Every structure is written in structure tokens, then in C-alpha cells.
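A short write-up of the structure that comes next.
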Amino acid sequence: MYEEDKRTYNHMDDDLSEKQKENPDQIRSDSHDAQNQQEQRKQEQWTQGPRMQDYRTPDYHTPEHRGKKNGGVAKKAAAVTAAAVLFGVVAGGVMTGVNLVGSRLVGLYGNTVTAETAAQESSESVPQTTTAQTSESATAVSSSTNIENIVEQAMPSVVAINDTMTVEQRNFFGMPQTYQATSSGSGIIVAQSDTELLIATNNHVVSGATDLEVTFTDDTAVSAAIKGTDSASDLAIIAVQLSDIPTDTMNKIKVATMGDSDQLKVGQQVIAIGNALGYGQSVTVGYVSALNRQITDENGIQHTYIQTDAAINPGNSGGALLDLNGNVIGINAAKNASTEVEGMGFAIPSSTAKDILDNLMTKQTRIAVGEDAQGYLGIRVTNIDAATSQAYGMPVGVYVYQIMPEGAAANSDLKEKDIITKFDGQSITTAQELTDMLTYYEKGSEVTLTVQTLTNGAYVEHDVTVTLGDKLEE
1 MYEEDKRTYN
11 HMDDDLSEKQ
21 KENPDQIRSD
31 SHDAQNQQEQ
41 RKQEQWTQGP
51 RMQDYRTPDY
61 HTPEHRGKKN
71 GGVAKKAAAV
81 TAAAVLFGVV
91 AGGVMTGVNL
101 VGSRLVGLYG
111 NTVTAETAAQ
121 ESSESVPQTT
131 TAQTSESATA
141 VSSSTNIENI
151 VEQAMPSVVA
161 INDTMTVEQR
171 NFFGMPQTYQ
181 ATSSGSGIIV
191 AQSDTELLIA
201 TNNHVVSGAT
211 DLEVTFTDDT
221 AVSAAIKGTD
231 SASDLAIIAV
241 QLSDIPTDTM
251 NKIKVATMGD
261 SDQLKVGQQV
271 IAIGNALGYG
281 QSVTVGYVSA
291 LNRQITDENG
301 IQHTYIQTDA
311 AINPGNSGGA
321 LLDLNGNVIG
331 INAAKNASTE
341 VEGMGFAIPS
351 STAKDILDNL
361 MTKQTRIAVG
371 EDAQGYLGIR
381 VTNIDAATSQ
391 AYGMPVGVYV
401 YQIMPEGAAA
411 NSDLKEKDII
421 TKFDGQSITT
431 AQELTDMLTY
441 YEKGSEVTLT
451 VQTLTNGAYV
461 EHDVTVTLGD
471 KLEE
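First residue of the sequence shown: 1, per this note's numbering; consecutive thereafter.
As C-alpha cells, then:
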């Protein structure tokens, strides 16, 4: 294409050259005329102004026929006005229809539609929405205030418990060694005698404790002692001497009001108070998730609990589970420790605990004695847990497989293959619990063992009296 264009231009140059040769004067004349015409056009442009395309707006050009143009604008303005009026009429009709349908929907669907259309209503309807929000807020504040009042009234009845225990374990070479360990829990003041303040808690909180300390609501700490325990129900009573409690503290604490857990219903709101993680008293709120929940503990013992989603963490054990009347309807016992489970706490029903606690309150308060003064039974034992009990038809308890010839039990009616279920009227299920109880009895003390003896193919319960003796060399 480029070569063709080039040849065309060359050909045009040749023709022009030929014409110049033939008639040079004519060429010059034509050129002169063209120049004159060009000069004339320039003069006209200077006098008339530059010519422009017809894209100018009416603001910069006044038409010659003014009346005719104005008439067209008037008609257009009238048309626009009519369209606006028509739009207003149609829009008004549509809005009227929407409001009518909306009012009917309110009648059909109630508050849901009212809430959704509240933003489209006039300012006169705004106070109705505000009133509803204020009412809900007032209800929430009222509920919060009620819980605050309940906690304020109940807190003086709940204590923190800290204990020290001696733990024995074998080292790498199999040799026994002991060390001191501490733990924490909670308790509820349930009674007061002439000389003692009695506090309910869980057996696992105080089991094996050599030293007990109770901290009251004003942070006053006082020594305590075990009065009675029941491992089967995981309940215990500890006692504080009234003479050890300052007068100011006595004026700030009070005995809790026990409620009736049999009246509880699923979904009822409850409050848990306890010494969570040993940091001091804390409060959590939840609901009754289930009643009569059957849970098996680590020893194979089955317990019946109240299940709640109120947080019950380590240290809360032994604390109070309250209803909205401030009554104790449960004693916090445990939580599901699985990392996959949240919101599952358990409490011993107050109706179940009442009779057991009443019995434990009658026991003699005992203080742990020194190792040199402690009494011993002189027996070797093992555990009969729930699985073994079910497999072999044996009672849950402490199985006596050997009576030492020189031990205290050799001088009693206790026999090998007997199963001990109670020690001095207090339930036991493991050998460790039996060992823990012996730490509160001096040698020479007389104790009563409740045992199950196999007789004619069946286990028969009876009591055996043993006078505790010295510790025997292994």
C-alpha cells in the first residue's frame, strides 16, 4: 500500500511539471487568485468572528424568533409541571396503599412488623419504640439489681477454705517420700452451736487435710477442724471455734437459709458463689439445665446432681447454689472437666444433703494428731470400686486382705475378706479415705468399724469395735 501511494504522488508531480512547462503564466495566475481568495476569507473572519459548530447553549446565543422559542419552553415547562403533579398523585396513592397494607400486616404479625416499620413512621410514633426499649432496659436493670441484692445477702454465709495436706508418693527408685501440698475450696455456714460455727463443704475438699483455714467475707482467716465426713455423698462438716472468731467478724457473718431442691424446675435461674481457683469469693449466674442427673465419680460411685450452666470451677466445690429467693438449693460439687464441654456444672441437691449434714454435725470435732501419737489398725487393704462391685457382686468399700498378727485388729472381731464401709459412723469407699480418717485418732482410741461379712453366700452388715494401736514396721 505504501509503494502504491508513493507512485501516485510521483505521478502527480510529473503532471504538474508538464503543465508548468506548457503554460507557466496560467499556473502563476491561478496561484495568485487562490492567494487573493485566502486573504479575503481572513479579512471576513476578522470582521465577522470565527465560525463555530452549532453546539452552543441558548445562554450564549439569542435566537431571532424570540416569541416562538419562548412559547415552546412554556409548553415544556407546563408538561414538566403536569408530570410532577401526576407523579405526586401516583406516589401519594402508592404510599397510602403501603400504609394500609402495613397496618393490616401489623394486625397479623404484631410486634415483628411494628419493629421493622418503626423507622419509616412519623416522629409521632418514635416514643412508642423508645418506650418499648426503655421497658426492656428497666426489666434488665431490675433483674440485675435483684441478683445484686441476693448476692449481698448471701455472701456473708459463704467462706473460702484453704487446706494443707501431706502427700506420699514413691520416687524413681521406688522409695516412699512425702511432701506438703495445698488446695482450696468453699463452704457454707449451716449452723452455730454454743461453742462452734459449723460449715458444710465437700468431702474431697478436706479429705487428707492436716491443716484447715477458713476465710470469712471480711477476709478474716481462722483455723478449722473436721467434724464429720461422708465420702459416699461427698459431704463434710468442719467446725470453727467461736472463741477464735473476732467480734467484728461475727457481726458480719450469718447462717445460710437452706431451701428445698425438690421444688426446682428446669430453666429456673440460679446463682453460684464460691472460692473459684482460690482467688476469693466470686459469683456466677446460670440456669438449671437438668435435675436428677446421674454422674459416676473417679471412684466409681454414682451421685445424683443438679446440672447447671453456672460456671463451677476448681475452688467452687463446697460453695452455695442459690435460688432467686437467696435460699441454698445445692452444694456445688464438680464440673465436667472435658475440654470439649462447656457450661456443665453439678451440685448436690439440698434435699439430699440435709439429713447427711444433720448427722455429721453430731460427730465429735477432731484435730489431726502427730504421726507419733496417731493410732493404727494393723491391716492391709485394697479398694472395691464400682466396677469390681458390679462384676463380683461385692459391696463398694475397703477390702481387708490381711490382718497383721501383732496389729490392733488382731484383737478384734474383724476378719480377713471383710469389707469396711464406715469408720466411726462415717462412710468410706477407698483405702486413702480410711488412712485420712486415722490421722485424727490417737493410739488407744476406740473406734467402730461397719463391715460387710460374707455369710452363706451373702454379705451381712455388722459393727466391729477396735482399739487403735501402734504403727507396725513393714
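Note that the Cβ used here is the ideal one computed from N, Cα and C, for glycine as well.
A quick note: this is a predicted structure, and the numbers were derived from the prediction, not measured.
With distances taken between CA atoms, Met361 lies nearest to Asp230 out of Ala221, Thr164, Asp230 and Glu148.
With a threshold of 16 other beta carbon atoms within 10 Å, Ala181 falls short and is exposed. By the C-beta density criterion, Asn162 is buried, having at least 16 other C-beta atoms within 10 angstroms. Glu213 and Met437 have their C-alpha atoms roughly 18 angstroms apart. Going by DSSP, Ser184 is part of the beta strand (DSSP E) stretching over Pro176 to Gln192. Its Cα nearest to that of Gly267, the residue Asp309 stands out among Gln241, Lys254 and Asp309. Within the same chain, Cβ atoms closer than 6 angstroms to the Cβ of Gly208 are found at Met165 and Asp436, the five residues on either side in sequence being excluded. Straight-line measurement puts the Cα of Glu371 at about 32 angstroms from the Cα of Gly280. DSSP, read as helix, strand or coil, puts Val369 in coil. Close CB contacts of Ala408 within its chain, under the 7 angstroms cut and outside five residues either way in sequence, are with Tyr376, Leu377, Gly378, Val466, Thr467, Leu468 and Gly469 (chain order). Under the DSSP assignment, Val270 falls in the beta strand (DSSP E) whose first and last residues are Gln269 to Gly274. If only uninterrupted beta strand (DSSP E) runs of at least 3 residues are considered, those enclosed by the segment 432-469 are 446-455 and 458-467. The secondary-structure analysis by DSSP pairs His303 across a beta bridge with Ile295. At a cut-off of 4 residues, the continuous stretches assigned as alpha helix (DSSP H) that sit fully inside the segment 386-415 are 386-392.
Counting only residues of its own chain and dropping the five nearest sequence neighbours on each side, Ile403 has a CB closer than 6 angstroms to the CB of Ile379, Ala409, Ala410 and Glu416. Taking Asn327 as the centre and dropping the five residues before and after it, the same chain places the C-beta of Thr257, Met258 and Gly259 closer than 7 angstroms to its C-beta, in chain order.
Taking a contact to require three or more Cβ pairs closer than 8 angstroms, the segment 384-391 and the segment 453-467 do not qualify as touching. Assigned with DSSP and collapsed to three states, Gly280 falls in coil, not helix or strand. The segment 149-161 makes contact with the segment 216-226: 3 or more CB pairs, one atom from each, lie closer than 8 angstroms. Taking the Cα positions, Ser351 is about 31 angstroms away from Tyr441. With a cutoff of 8 angstroms on beta-carbon distance, Gly228 and Lys363 are scored as near each other. Selection Gly274, Leu324 and Glu168 evaluated against Thr201 yields Gly274 as nearest (Cα-Cα). Each residue's CA atom was taken as its position, placing Ala290 and Gln307 some 5 angstroms apart. Excluding its 5 nearest sequence neighbours in each direction, Ala373 has C-beta neighbours in its own chain below 8 angstroms: Glu442 and Lys443, listed in chain order. In the structure shown, the three-state DSSP call for Thr220 is coil.
If the five residues before and after Pro176 are omitted, its C-beta is found closer than 7 angstroms to the C-beta atoms of Glu168 and Arg170, all from its own chain and listed in chain order. For the 8 angstroms CB-CB criterion, Val205 and Ile199 do not form a contact. By the C-beta density criterion, Glu196 is buried, having at least 16 other C-beta atoms within 10 angstroms.
Bounds of the beta strand (DSSP E) holding Ile238 are Leu235 to Gln241.
The Cβ neighbour count for Asn203, taken over all protein chains shown within 10 Å, is at least 16; the residue is labelled buried. Counting other Cβ atoms within 10 Å of its Cβ, Ser183 reaches 16 or more and is therefore classed as buried. In the DSSP assignment, Ser427 is bridged to Lys422.
Taken atom to atom, the span from the alpha-carbon of Val288 to that of Gly345 is near 10 angstroms. A straight-line Cα-Cα distance of about 9 angstroms links Pro395 and Ile420.
Counting only the Cα atoms, Glu148 lies some 38 angstroms from Ser427. For Gly300, the CB contacts under 6 angstroms within the same chain, skipping 5 residues up- and downstream, are Asp385, Ala386 and Ala387 in chain order.
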